Each structure stands twice: as C-alpha cells, then as structure tokens.
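In the UniProt record's numbering, the protein residues as written are 1 to 39. Backbone N, C-alpha and C fix where the C-beta goes; we use that ideal spot for every residue, glycine too. On a predicted model such as this, the values are computed, not experimentally measured, just so you know.
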C-alpha cells in the first residue's frame with residue numbers, strides 16, 4: 001500500500017479549514033487534492 005502524501009498534522013489542518021467555513025473547492029485547490037478525496 002502506498003504511503004500517505006500528507007502527515008496527520010497536515011490532514012487535521014485541512015479538515016480544520018473546512019470546519020472554519022473555508023469553501024471546499026479552495027481547500028482542495030491549495031492542498032492539491034480532488035474534492036472526492038476531501039469527502
């Protein structure tokens with residue numbers, strides 16, 4: 001299995017941005033992931 005591209009801290013930061021109200025499209029663009037990966 002492939003190792004994760006993001007550390008646990010990075011994953012938590014990405015999810016926290018969503019909780020704070022940042023649009024998912026913007027979060028995904030900045031992180032370089034698809035919206036399907038986010039959800």
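Limits of the unbroken alpha helix (DSSP H) element including residue i
i          : result
residue 27 : 24-31
residue 18 : 8-19
residue 3  : Segment: none, residue 3 is in no alpha helix (DSSP H) and carries neither H nor E.
Of the listed residues the options, nearest to residue i (C-alpha basis)
i          : options           : result
residue 29 : 14, 19, 20 and 21 : 14
residue 39 : 3, 24 and 12      : 24
Beta-carbon proximity list for residue i, same chain, < 7 angstroms, skipping 5 on both sides
i          : result
residue 34 : 28
Close beta carbons around residue i, own chain, < 8 angstroms, minus the five adjacent residues each side
i          : result
residue 37 : 28
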